[in-house]
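Quick note, my numbering runs 14 ahead of the 1-based positions in the sequence shown.
Take a look at the structure set out below.
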Amino acid sequence: MRTDLKMTKTEIQNHLIEEFGNEIQNQKFDLVRYVSFSEMEKVEDELYNYQNFKYNLRKGMDDGDPYFSLNNLNLNQMIEIITIDFSFGFFVETQNDTEYKYDLLTETLTELI
């Protein structure tokens with residue numbers, strides 16, 4: 015993770031468009047975000063706008079680690095959520111990526127944040 019200077023959401027979006035092409039703006043993303051136990055209490059407050067059934071907000075545990083997941087996010091929404099200041103990492107999947115064009119998306123985002 016970058017320690018010098020965080021990129022703005024616009025810079026992240028521009029970098030992704032440059033690296034993956036304009037088509038990334040039309041993709042839908044599924045996101046898993048790991049958080050601490052204390053942060054899990056804040057998830058519903060931070061994600062108030064995503065409690066609609068369309069986004070399928072789920073909270074759970076993975077090997078004892080709390081996480082939440084969301085589906086059907088557009089590019090701006092996905093960037094907004096990964097830039098929320100939570101302690102742990104995330105995993106992003108692109109829906110219908112049959113050509114595996116976005117395989118390195120999570121790694122690219124991790125380097126940018």
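Backbone N, C-alpha and C fix where the C-beta goes; we use that ideal spot for every residue, glycine too.
Query	Result
Which residues DSSP lists as bridging Glu129, in chain order	What the structure shows of the chain is the stretch from 15 to 127, and residue 129 is not part of that stretch, so it cannot be assessed.
Tyr64 and Leu89 closer than 8 Å at C-beta	no
According to DSSP, residues forming a beta bridge with Ser101	None; Ser101 has no bridge partner.
Proximity below 8 Å, CB of Val46 to CB of Phe100	no
Beta carbon of Leu87 nearer than 8 Å to that of Leu71	no
According to DSSP, residues forming a beta bridge with Asp79	Asp76
His29 beta carbon less than 8 Å from that of Leu126	yes
Alpha-carbon spacing of Ile26 relative to Gly78, whole angstroms	31 Å
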